[in-house]
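A.B. asks: So that we are looking at the same thing, I have put the structure below in structure tokens.
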Ligand code: GLU
Ligand code: ZN
């Protein structure tokens with residue numbers, strides 16, 4: 253049974269790029285006689301808003317999609333992400349990082365030639381080298397910290413990994429591309445990488461469809477699956493929809509939100525077609 257999902261973050265209104273992604277996941281499920289899920293990825297309470305979640309339901313319903321209820325809302329499941337963190341911590345693969353953004357920028361600059369990953373310069377690893385005593389001292393002093401994955405140690409523990417993209421073929425996992433990723437932030441007790449991996453497994457998703465911009469993130473998710481003993485879904489990363497001038501749709505394109513198009517009198521058929529379906 254094929255199970256796909258669309259997993260937007262309610263940080264703004266959906267635009268045509270989101271419509272493409274949602275319709276892509278929906279079509280993949282329907283073509284296989286499978287199931288389609290919607291998941292609200294709202295762990296970042298500072299950026300997500302309930303009215304945007306409501307807008308997602310309205311927009312997708314208007315587009316003609318339907319999805320299973322209840323919808324999984326990530327902010328209701330922090331305990332499950334915590335349990336996954338505890339397991340990784342128990343394996344000795346997490347370390348507290350006390351660096352501020354400024355500290356990291358300074359370290360990167362000081363390093364001269366800091367390697368870059370898909371999200372920018374890699375974390376240079378300062379806090380990986382703190383002694384047990386230093387860690388305890390800073391924690392006890394109440395210093396805020398994030399939890400980072402020691403990617404080299406994690407990769408060594410599970411050995412070489414692969415995953416499969418249905419369009420782009422077999423991939424050798426390269427989780428080190430992102431460096432020691434943050435799995436829990438100072439203000440948010442989970443991260444995108446952790447929550448998405450745990451949820452896709454918990455919800456039985458068998459085919460993860462999402463934009464090509466998240467292709468590299470899959471390397472990290474594959475590593476987390478191996479560490480946590482989770483099943484490995486199939487993957488299908490789709491092209492990113494661009495506007496007529498070749499730019500990716502983004503939150504700045506106010507006139508191309510699904511709501512604006514609807515209010516301007518476009519029909520669901522027209523919008524599906526603008527979104528490539
Ligand atoms: N929530 C993520 C986003 O809005 C997508 C997650 C995924 O499809 O893996 O970009
Ligand atoms: Zn640090």
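Residue numbers (this note's numbering): 253 to 529. Cβ atoms here follow ideal geometry from the backbone N, Cα and C, with glycine treated the same way. Since this is a predicted model, take the numbers as computed values, not measurements.
(1) Provide the residue span of the alpha helix (DSSP H) that contains residue 519, from first to last.
(2) Who are the near neighbours of residue 342 in its chain, counting only those whose CB is closer than 7 Å to its CB and skipping five residues on each side?
(3) What residue from 520, 323, 499 and 354 has the CA that sits closest to residue 595's CA?
(4) What is the DSSP secondary structure of residue 291, counted as helix, strand or coil?
(5) Use the C-beta contact count for residue 261: other C-beta atoms within 10 angstroms, 16 or more gives buried, fewer gives exposed.
(6) Is the closest heavy atom of ligand 1 to the C-beta of residue 469 under 8 Å?
(7) Are residue 257 and residue 464 closer than 9 Å when you measure CB to CB?
(8) Using the beta-carbon of each residue, find all residues closer than 6 Å to any heavy atom of ligand 1 and list them in chain order.
(9) Which value, in whole angstroms, describes the spacing of the CA atoms of residue 433 and residue 403?
(10) Tell me the start and end of each unbroken alpha helix (DSSP H) in the region 414–502 that is at least 4 residues and wholly inside, in chain order.
(11) How is the alpha helix (DSSP H) around residue 305 delimited, first residue to last?
(12) Going by the CB atoms, is the gap between residue 451 and residue 329 shorter than 9 Å?
(13) If you drop the 5 nearest sequence neighbours on each side, which residues of the same chain put their C-beta closer than 7 Å to that of residue 277?
(14) Anyone know if the C-beta pair for residue 501 and residue 270 falls short of 9 Å?
(15) By Cβ distance below 8 Å, which residues in the same chain neighbour residue 377 in space, the five residues on each side in sequence not counted?
(16) Within 10 Å of its beta-carbon, does residue 291 have 16 or more other beta-carbons around it, so buried, or fewer, so exposed?
(17) Does the region 364–371 touch the region 414–427, meaning 3 or more C-beta pairs lie closer than 8 Å?
(18) Using only Cβ atoms and a threshold of 5 Å, which residues come within that distance of a heavy atom of ligand 2? Order them by chain position.
(19) Roughly how far, in whole angstroms, is the beta-carbon of residue 310 from the beta-carbon of residue 459, given that I think they are within contact range, below 8 Å?
(20) Answer yes or no: the CB of residue 346 versus the heavy atoms of ligand 3, is any distance below 8 Å?
(21) With distances taken from CA atoms, which of 305, 314, 344 and 300 is nearest residue 479?
C.D. replies: Quick answer:
(1) No alpha helix (DSSP H) contains residue 519, which DSSP labels as neither H nor E.
(2) Short of 7 Å from the beta carbon of residue 342, and not among the five residues preceding or following it, lies no beta carbon of its own chain.
(3) This structure leaves residue 595 out entirely; the chain is present only between 253 and 529.
(4) In this structure, residue 291 counts as strand in the three-state DSSP scheme.
(5) Classification for residue 261: buried.
(6) Closer than 8 Å to some heavy atom of ligand 1: that describes the Cβ of residue 469.
(7) No. Outside cutoff.
(8) A residue is listed when its beta-carbon falls short of 6 Å from at least one non-hydrogen atom of ligand 1; in chain order these are 259, 260, 261, 293, 448, 462 and 466.
(9) Looking at the two C-alpha atoms, the distance is approximately 8 Å.
(10) As summarised for the region 414–502, the continuous alpha helix (DSSP H) elements at least 4 residues long and confined to that stretch are 444–454 and 469–480, given in chain order.
(11) Taken as a continuous stretch (DSSP letters only), the alpha helix (DSSP H) holding residue 305 covers 302–315.
(12) Yes, Cβ-Cβ distance for residue 329 and residue 451 is below 9 Å.
(13) Apart from sequence neighbours up to five positions away, the residues of its chain that approach residue 277 with a beta-carbon distance below 7 Å are 256, 257, 258, 288 and 461, ordered along the chain.
(14) Cβ distance < 9 Å, so residue 501 and residue 270 count as in contact.
(15) Within the same chain, Cβ atoms closer than 8 Å to the Cβ of residue 377 are found at 431 and 432, the five residues on either side in sequence being excluded.
(16) Buried, because 16 or more other Cβ atoms sit within 10 Å of the Cβ of residue 291.
(17) The region 414–427 is not in contact with the region 364–371.
(18) Every residue passing the under-5 Å Cβ criterion appears here: 349, 351, 378 and 379.
(19) Residue 310 to residue 459, Cβ: 26 Å. No contact.
(20) The model depicted lacks ligand 3 and carries ligand 1 and ligand 2 instead.
(21) The shortest Cα separation from residue 479 among 305, 314, 344 and 300 belongs to 344.
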